[in-house]
Every structure is written in C-alpha cells, then in structure tokens.
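Trainee: Each residue of the sequence shown is one higher than the one before, counting from 1 in UniProt numbering.
Yeah, the Cβ is synthetic: ideal placement off N, Cα and C, and Gly gets one too.
I am attaching a structure below and will ask some questions about it afterwards.
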Amino acid sequence: MLNVKDMIKDVLVSEEQIKKRIKEIALDIERDFPDGDVIFIGVLKGSVIFVSDLMRAMNVNVTMDFMAVSSYGMSSESSGIVRILKDLDFDIENRDVVIVEDIIDTGNTLKYLYEYLRARNPRNLKICCLLDKPERRKADIKADYVGFSIPDEFVVGYGLDYAEIGRHLPYVGVLKEEVYKKV
Ligand code: 5GP
Ligand code: MG
Ligand code: MG
Numbered sequence: 001m002l003n004v005k006d007m008i009k010d011v012l013v014s015e016e017q018i019k020k021r022i023k024e025i026a027l028d029i030e031r032d033f034p035d036g037d038v039i040f041i042g043v044l045k046g047s048v049i050f051v052s053d054l055m056r057a058m059n060v061n062v063t064m065d066f067m068a069v070s071s072y073g074m075s076s077e078s079s080g081i082v083r084i085l086k087d088l089d090f091d092i093e094n095r096d097v098v099i100v101e102d103i104i105d106t107g108n109t110l111k112y113l114y115e116y117l118r119a120r121n122p123r124n125l126k127i128c129c130l131l132d133k134p135e136r137r138k139a140d141i142k143a144d145y146v147g148f149s150i151p152d153e154f155v156v157g158y159g160l161d162y163a164e165i166g167r168h169l170p171y172v173g174v175l176k177e178e179v180y181k182k183v
C-alpha cells in the first residue's frame, strides 16, 4: 500500500517548528486580547488541526466556531466568489473574532470571508493563518498573525490535503510530483 509519507518530497515545516510557533502566536493573540473571550472561527476543513492546537496554547478563554466555504470556478485557482456551506452558530456582533485559516494563497477566499464577517459588526476582526504564500497574492488582504511564510509550492499535512490525502501528517510537506499523476 502506498504510504503517504513516501509521497512527501521535503518537510517544509517540522512538527517542532509548528509547536514552537503556535505558542508564540497564542501569546501574540493574548497580548491583543488580554481579557480573553475571543471567538476563533476555523475555516473547514484545512484549519481544524491548527485551530485545535492554537486553542490549547491559549491561557485566556476562547470559544470556537467553524465555517465551511467553497470557491466557485473551474480553475485550480480560487475565484473570490465564495459559497457559504456552513455559517456561524454564534452572533459575532461586538465580539472579538479571529478567523483561523490553514493557508493564504491568492487571498481571494479570505478576502470574501473577511468582508462577509465584517458586515456583522464584530468589535475586532483579525486573521490568523498557519501558512502564507505572499508571492501568490491577488486580493488585498493581510493576516494579523502568520505562522510561516512559504514559497510557491503545493503543500500538505497538518490539516492541509491533496484530494483529502495528507491531513493527518504532523508536519507540512511538499508533495512529490508523481503523486499528482497517480491520484
Ligand atoms: P486562496 O483563496 O487564498 O487562493 O486559497 C485558499 C485555499 O486554497 C486554502 O484555504 C486551501 O484550502 C487551498 N490551498 C492553497 N494553497 C494550498 C496548498 O499549497 N496546499 C493545500 N493543500 N491547499 C492549498
Ligand atoms: Mg482553507
Ligand atoms: Mg483542500
């Protein structure tokens, strides 16, 4: 059987690096919201692992909610026209909110989501992403908390998938090219 670990060309961000960086990001968020009571909004499914670890690194009270979105369009690049598949359970008016994403690529998805949530009048709306590919940016959007800036390569692991493969890996790695042909 094909082992997903054999599909990885390089480990881009190790498990240890992720752990260390999450503690730093949690401190940054605590510094911005010392009283806690922050809502983390995870964007399904890629951010699930990240949001779970980030929450447990926090020393103030946080609640979590999730949104599921899908980007319209046939191309491999997101279009910026986003369909909401699952909306929030909570009212975020006058609340401190942090959108937690796995990766910002073109930024189109997040730009849409940011405007969508902004319209509900949260007191604060911040963006936290584990990975950022600044070279690929199209939309005018910037994260307030970034785990790692990475080069323009397709990555999997730590929640991120290729055709649902690789989410369980504890690190972020670059897929071997041959995998794209096999799956
Ligand atoms: P954007 O709208 O910023 O172009 O796209 C964001 C979404 O595309 C991410 O939330 C993620 O689902 C997907 N994506 C972008 N780059 C990568 C990548 O390198 N690996 C994986 N697995 N997904 C990616
Ligand atoms: Mg995502
Ligand atoms: Mg995906």
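1. Would you kindly work out how many angstroms separate the C-alpha atoms of ASN121 and ASP87, rounded to a whole number?
2. With distances taken from CA atoms, which of ASP37, GLU15, ALA68 is nearest ASP53?
3. Whether or not the region 107-123 and the region 78-86 are in contact is what I'm after, with contact meaning three or more pairs of Cβ atoms, one per stretch, closer than 8 Å; do they touch?
4. Taking the DSSP output, what are the residues bridged to THR63?
5. Please write down, chain order preserved, every residue whose beta carbon lies under 7 Å from a heavy atom of ligand 2.
6. Excluding the 5 residues flanking GLY42 on each side, which residues of the same chain have their C-beta closer than 7 Å to its C-beta?
7. At a cut-off of 7 Å, would you count ASP10 as near ligand 3, judging by its Cβ distance to the nearest heavy atom?
8. Would you mind giving the Cβ-Cβ distance between ILE39 and GLY147, rounded to the nearest angstrom? I have them listed as a contact below 8 Å.
9. Apart from the five residues on each side of it in sequence, which residues of its chain come closer than 6 Å, Cβ to Cβ, to ASN94?
10. Here's the rule: buried if 16 or more other CB atoms are within 10 angstroms of the residue's CB, otherwise exposed. What is SER149?
Mentor: The relevant details are as follows:
1. 16 Å
2. GLU15
3. yes
4. ILE39
5. VAL43, GLY46, SER47, GLU101, ASP102, ILE103, THR109
6. VAL48, VAL51, MET64, PHE66, VAL100
7. no
8. That belief does not hold up - the Cβ atoms of ILE39 and GLY147 are roughly 20 Å apart, past 8 Å.
9. ARG123
10. exposed
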